[in-house]
Amino acid sequence: MVRIGCVAFRNIYIVDIDDEEMVENAKDFIIEDIDNAVKHNETLFWIDVKEDKNHKYTYDDIHPGLLDLKRIKCPNCNFESYYSEFDKDEGQFICPECDNRFELK
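Here it is, written out as structure tokens:
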């Protein structure tokens with residue numbers, strides 16, 4: 002079974018979204034955090050990888066640009082290509098070579 006997670010910039014500022022000034026200030030804080038991380042060569046320390054244990058996201062939520070870099074192999078005929086080369090139907094991949102249907106494990 003594929004485990005879904007997220008890669009995110011670490012800092013989160015909780016705000017009153019009805020307070021426009023607070024929201025704008027939080028945006029400025031995030032920009033300042035990024036600037037400081039770059040300036041001090043600490044950007045990798047500010048990036049977190051977390052598993053989505055609450056199952057809030059699905060495979061369909063993964064950014065298309067990341068999926069285009071992913072290679073998939075058909076377990077039936079061993080055809081291997083990029084994610085975008087495979088048709089999908091009801092959560093299953095369809096191999097363009099042998100029409101085998103399979104799920105990622």
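First residue of the sequence shown? That's 2 in my numbering, and the numbers climb one at a time after it. Even for Gly, the Cβ is constructed at its ideal location relative to N, Cα and C.
DSSP places Asp90 in the uninterrupted beta strand (DSSP E) bounded by Asp88 to Asp90. Tyr84 places its beta carbon less than 7 Å from that of Ile73. Secondary structure note for Lys71: it is in no beta strand (DSSP E), with a DSSP letter that is neither H nor E. A straight-line Cα-Cα distance of about 10 Å links Glu25 and Ile18.
With contact defined as three or more Cβ pairs closer than 8 Å, the segment 93-104 and the segment 63-77 are in contact. For Glu81, the uninterrupted beta strand (DSSP E) segment begins and ends at Glu81 to Tyr83. Between the alpha carbons of Asp90 and Asn55 lies a gap of roughly 24 Å. For the segment 7-86, the continuous beta strand (DSSP E) assignments of 3+ residues that do not extend past its boundaries occur at 48-52, 72-74 and 81-83, in sequence order. Excluding five sequence positions before and after Lys71, the CB atoms of its chain that fall closer than 6 Å to its own CB belong to Tyr84, given in chain order.
Closest option to Asn12, judged by alpha-carbon separation, among Glu86, Asp34 and Phe80: Asp34.
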